[in-house]
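Counting from 16, one number per residue, gives the positions in the sequence shown under the numbering used here.
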Amino acid sequence: MEYEVVIGLEVHAELATKTKIFCGCAAEFGAEPNSHVCPVCMGLPGSLPKLNKKVVEYAIKAGLALNCSITKLGRLDRKSIFYPDCPKNYQISQHELPICRDGLVEIELEDGSTKKIRIERIHIEEDAAKLLHTEDKTMVDFNRSGVPLTEIVSKPDMSSAEEAVQYLERLKSILTCIGVSY
Ligand SMILES: [Zn+2]
Numbered sequence: 016m017e018y019e020v021v022i023g024l025e026v027h028a029e030l031a032t033k034t035k036i037f038c039g040c041a042a043e044f045g046a047e048p049n050s051h052v053c054p055v056c057m058g059l060p061g062s063l064p065k066l067n068k069k070v071v072e073y074a075i076k077a078g079l080a081l082n083c084s085i086t087k088l089g090r091l092d093r094k095s096i097f098y099p100d101c102p103k104n105y106q107i108s109q110h111e112l113p114i115c116r117d118g119l120v121e122i123e124l125e126d127g128s129t130k131k132i133r134i135e136r137i138h139i140e141e142d143a144a145k146l147l148h149t150e151d152k153t154m155v156d157f158n159r160s161g162v163p164l165t166e167i168v169s170k171p172d173m174s175s176a177e178e179a180v181q182y183l184e185r186l187k188s189i190l191t192c193i194g195v196s197y
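Structure, rendered in structure tokens:
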């Protein structure tokens, strides 16, 4: 039996904003656990999210650099999940109205040829918190809860591991070059 390799990738890229997506807490990595937290990013009852304008700007910038069309009407949705590192039991993401659609990345292969990889959509969402496991207990660090992400979904246009690697390297290089991710 012969198989054909078909690869589509969903890439989560953290956005390089100073603050989180729905509150004013710092989004920096590596701080003392639970030192960048507030009622919004800990999911406490009664707290209300407020969208960080910079997240929208950075996601649009990423979309333009990846040849996407930018939506005029975006929407954030609640996605139900049950994770111990997400106490409100939903993640705020985008379902039907993502911020960017129909993009294109051109990759260069070892033999010198190029290939176009289509991007289906880019949407913005919040990251979950982080669990830390020791031998006898599990602890949760909310510093990462609410850190902004873009989710970049490609079409299944790659047909080898080499193409997938080239695609990921190209994506990383574009996103870091325009300053929207690390
Ligand atoms: Zn916060």
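Cβ atoms here follow ideal geometry from the backbone N, Cα and C, with glycine treated the same way.
Item, Value
"Would you give the residue range spanned by the beta strand (DSSP E) that VAL70 belongs to?", "Where VAL70 is concerned, there is no enclosing beta strand (DSSP E), although the alpha helix (DSSP H) it sits in stretches over 68-80."
"Since LEU146 and PRO99 are thought to touch, with beta carbons under 8 angstroms apart, how far apart are those beta carbons, to the nearest angstrom?", "6 angstroms"
"Which residue marks the beginning of the alpha helix (DSSP H) containing THR165, and which one marks its end?", "Taken as a continuous stretch (DSSP letters only), THR165 belongs to no alpha helix (DSSP H), being part of the beta strand (DSSP E) at 163-169."
"I'd like the span of the beta strand (DSSP E) that includes LEU147, first residue to last.", "145-148"
"Hey, ALA77 and ILE122: beta-carbon distance below 8 angstroms or not?", "no"
"Shorter than 7 angstroms, the distance from the beta carbon of GLY127 to the closest heavy atom of ligand 1, or not?", "no"
"When the Cα of GLN106 is compared with those of VAL168, VAL55, GLU72, ALA46, which residue comes out closest?", "VAL55"
"Between THR86 and the rest of its own chain, which residues show a CB-CB distance below 8 angstroms, the 5 nearest in sequence each way excluded?", "LEU112, PRO113, ILE114, CYS115, ARG116"
"For SER160, count neighbouring Cβ atoms within 10 angstroms of its own Cβ and tell me buried if that reaches 16, exposed if not.", "buried"
"Does ligand 1 have a heavy atom nearer than 7 angstroms to the CB of VAL55?", "yes"
"Exposed or buried, what is TYR73 when buried is set at 16 or more other beta-carbons lying within 10 Å of its beta-carbon?", "buried"
"Using 10 angstroms around the beta-carbon of GLY118, count the other beta-carbons present and answer buried if the total reaches 16, otherwise exposed.", "buried"
"What are the start and end residues of the beta strand (DSSP E) that includes LEU112?", "Counting along the chain, LEU112 falls outside any beta strand (DSSP E), and DSSP gives it neither H nor E."
"Flag LYS145 as yes when its Cβ comes closer than 7 angstroms to any non-hydrogen atom of ligand 1, and as no otherwise.", "no"
"Are there 16 or more other CB atoms within 10 angstroms of the CB of LEU91, so buried, or fewer, so exposed?", "buried"
"I need the straight-line Cα distance from VAL52 to GLU150, nearest angstrom please.", "26 angstroms"
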